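Q: I'd like to ask some things about the structure below.
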Amino acid sequence: MNNDKYYQTNNFYLAAFLFAKGLELVNVDKTDPRKSYFVFANHPELEILLRVFNYGNDDAPEAKVDARKFTYAIKKLKDSLYEQNY
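If you read the sequence shown in our numbering, its first letter stands for residue 2, the second for the next number, and so on.
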């Protein structure tokens with residue numbers, strides 16, 4: 002996939018954070034039998050969200066996610082891992 006158009010990660014909780022923040026999950030790459038990669042469409046706020054997730058202050062508004070959205074994101078990502086065709 003074109004790196005300018007997509008971002009991929011195998012970090013489940015980062016993927017849940019990005020999904021809960023509204024980034025579009027376009028694919029789950031399961032070609033490696035030992036790990037899956039969550040592929041997101043690139044977004045103008047992606048770099049900011051990555052910085053906040055990895056290095057940000059816990060009190061930063063960008064780091065906060067509604068608990069229901071985060072729970073939903075975790076459920077959807079788990080479902081996508083076990084689906085045959087995503």
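Note that CB positions come from ideal geometry on N, CA and C, so glycine has one too. Being a predicted model, the structure only gives us computed values, none of them experimental.
Can you give me the C-alpha to C-alpha distance between residue 21 and residue 85, rounded to a whole angstrom?
A: Cα to Cα, the separation comes out at about 23 Å.
Q: Quick one: does residue 51 have its CB under 8 Å from some CB of chain D?
A: Here chain D cannot be found, since the structure has a single protein chain.
Q: Going by DSSP in three states, residue 10 sits in which element: helix, strand or coil?
A: Strand, per DSSP.
Q: When the distance is taken between beta carbons, is residue 41 closer than 8 Å to residue 111?
A: Only positions 2 to 87 of the chain appear in the structure, and residue 111 is not among them; the question remains open.
Q: Considering Cα atoms alone, identify which of 6, 5, 7 and 15 is closest to residue 51.
A: Among 6, 5, 7 and 15, the Cα nearest to that of residue 51 belongs to 15.
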